[in-house]
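First comes the structure, then the notes that go with it.
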Ligand SMILES: NC(=O)c1ccc[n+]([C@@H]2O[C@H](COP(=O)([O-])OP(=O)(O)OC[C@H]3O[C@@H](n4cnc5c(N)ncnc54)[C@H](O)[C@@H]3O)[C@@H](O)[C@H]2O)c1
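Numbering (this note's numbering), first residue to last: 57 to 402.
Encoded structure:
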């Protein structure tokens, strides 16, 4: 039997992604024990008790932070709460994993950075799950090995299978809009895969193909952005073209194409769910991935394991709070460009 110490975790938020993290923490992560959960919604208490088998359940975040057995928290709460709740966790002496994006304004990101710097013994990690997806990791390795030469362009998209209930319209007031909610993943991928840091200029446009009511929140259901990254001063430049859609009719289709001076990589193209192909009177086809849960199932598990291992000092983290700040900085500029119709310099 392993003598490895076990990390005791409290989960905050039991909505769409919170339930997913709850299952991963309770049943699928080594060296950790899910010991408590928190949500102000009563019906989610049943889930915590009956499905996750928890004894400690709180309707208030501060109460969970006061629980001395909790050493680390996983925050799966609405985006507008992330920064403050991350700061509260660190100031209570707890490691923290927070869902993306870190915040909807730069000041909040910088506040989190400052508090994290004052608590260097604690892990603070933002959930850029795609960095943990086996296919994206393989692509990163191939780029590092020089297999496509020097990468200079990425085309990356996050396209959600259209949900006619339009749930994302209710989500709009707290999500920060389509670019902060969806494209922040592609922005992070662009920085990570091409090894670039800051952006110099962005331009964005978008439209409401189906849900015109999104205009009330200055949001769109389809958007395109171009990012010009800062060069290295030696003539090497990089650009990104990012697409996001809430109205994709095929399935959930996240894919990226990285183009380099010696070749290119295509990651996740198509939305095939598995290796089964059906042939009938309508033709030959494959079933499609329905949502991000299915597409990134494995990545969510690897991501949470990376957090636990970092908290226990078993392995270093490959992403930082500063990475999350840069993703927010670029996402905000893109959103500003969408609203103004003008390019935005950073
Ligand atoms: N990594 C990804 O691919 C991914 C996917 C989906 C969502 N997310 C992120 O996860 C976050 C949550 O999204 P969701 O879709 O699960 O939202 P959701 O609305 O389904 O769930 C939010 C949860 O937070 C709880 N909550 C609200 N206020 C709270 C408070 N003050 N204290 C404690 N709990 C509180 C709610 O009760 C609910 O359980 C968002 O920031 C979103 O961007 C990330």
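Ideal Cβ placement from N, Cα and C applies to all residues, glycine included.
beta-carbon residue 273 near ligand 1 non-hydrogen atom, thresh 8 angstroms: It does not: the Cβ of residue 273 is nowhere closer than 8 angstroms to a heavy atom of ligand 1.
The stretch 158-177 contacting the stretch 248-264, beta-carbon criterion three pairs below 8 angstroms: No, because fewer than three Cβ pairs between the stretch 158-177 and the stretch 248-264 fall closer than 8 angstroms, the two stretches do not touch.
Residues of its chain near residue 167, where Cβ-Cβ distance is below 7 angstroms and the 5 sequence neighbours each way are ignored: In its chain, beyond the 5 residues on either side, 139 and 143 have a beta carbon closer than 7 angstroms to the beta carbon of residue 167.
Cβ distance (whole Å) where residue 239 is taken to contact residue 281 below 8 angstroms: Between residue 281 and residue 239 the Cβ distance is about 6 angstroms, and since that is below 8 angstroms, they are a contact.
Beta carbon nearer than 6 angstroms to a non-hydrogen atom of ligand 3: Absence of ligand 3 from the depicted structure is noted, with ligand 1 being the only ligands included.
Bounding residues of the beta strand (DSSP E) (the contiguous stretch that carries residue 181): Residues 180-183.
Strand pairing of residue 259, partner residues [DSSP]: By DSSP's assignment, residue 259 forms a beta bridge with 282.
At least three beta-carbon pairs within less than 8 angstroms, the stretch 190-208 to the stretch 268-278: Contact check between the stretch 190-208 and the stretch 268-278: fewer than three CB pairs, one atom from each, fall below 8 angstroms, which does not count as touching.
Residue 89 versus 67, 107 and 62, residue with shortest Cα-Cα distance: 62 is the residue among 67, 107 and 62 whose C-alpha sits nearest the C-alpha of residue 89.
Supposed contact pair residue 365 and residue 371 - C-beta distance, whole angstroms, cut 8 angstroms: Their Cβ separation, rounded to whole angstroms, is 4 angstroms, which keeps residue 371 and residue 365 in contact under 8 angstroms.
Neighbour-count burial assignment, residue 125, 16 or more Cβ in a 10 Å radius: Answer is exposed; the Cβ neighbour count stays below 16.
Straight-line gap, residue 297 to residue 283 (C-alpha atoms, nearest Å): Pairing residue 297 with residue 283, the inter-Cα distance amounts to about 6 angstroms.
Given residue 381 as reference, the closest of 184, 197, 217 and 334 once Cα atoms are compared: Nearest neighbour of residue 381 by Cα position, chosen from 184, 197, 217 and 334, turns out to be 184.
Residue of 158, 350 and 290 minimising C-alpha distance to residue 324: Nearest of 158, 350 and 290 to residue 324, Cα basis: 350.
Cβ-Cβ distance between residue 71 and residue 129 below 9 angstroms: Result no, Cβ atoms of residue 71 and residue 129 do not sit closer than 9 angstroms.
Backbone CA spacing between residue 80 and residue 361 [nearest angstrom]: Cα to Cα, the separation comes out at about 9 angstroms.
Secondary structure of residue 218, DSSP reduced to three states: In this structure, residue 218 counts as coil in the three-state DSSP scheme.
Test: residue 376 CB closer than 9 angstroms to a CB of chain B: Judged by its chain identifiers, the structure shown contains no chain B, having just a single protein chain.
Sub-9 angstroms separation of residue 204 and residue 135 beta-carbons: Not in contact: residue 204 and residue 135 (Cβ atoms no closer than 9 angstroms).
Residues of its chain near residue 241, where Cβ-Cβ distance is below 8 angstroms and the 5 sequence neighbours each way are ignored: Excluding sequence positions up to five before and after residue 241, its CB lies within less than 8 angstroms of the CB of 156, 184, 185, 186, 214 and 310, all in the same chain and listed in chain order.
Which listed residue (86, 85, 383 and 290) has its alpha carbon closest to that of residue 235: Of 86, 85, 383 and 290, the residue nearest in Cα terms is 383.
Collapsed DSSP secondary structure at residue 303 in the structure displayed: Residue 303 falls in the strand class under three-state DSSP.
Closest by C-alpha distance to residue 276, when choosing among 224, 244, 255 and 169: Closest by alpha carbon: 224.
Close-in-space but distant-in-sequence residues of the same chain around residue 327 (CB under 7 angstroms, 5 per side omitted): So the qualifying residues of the chain are 306, 307, 308, 309, 344 and 345.
Start-to-end residues for the beta strand (DSSP E) that takes in residue 154: Under the DSSP assignment, residue 154 falls in the beta strand (DSSP E) whose first and last residues are 151-155.
Endpoints, beta strand (DSSP E) assigned at residue 315: It spans 309-316 - the beta strand (DSSP E) in which residue 315 sits, taken as one unbroken run.
Secondary structure of residue 107, DSSP reduced to three states: Residue 107 falls in the helix class under three-state DSSP.
Beta-carbon proximity of residue 92 to residue 114, cut-off 9 angstroms: Residue 92 places its beta carbon less than 9 angstroms from that of residue 114.
Given residue 248 as reference, the closest of 319, 230 and 375 once Cα atoms are compared: Selected option, being the one with the closest Cα: 375.
Three-state secondary structure assigned by DSSP to residue 213: The answer is strand: DSSP assigns residue 213 an E or B state.
Residue 348 beta carbon less than 9 angstroms from that of residue 216: A contact, by the Cβ cut-off of 9 angstroms.
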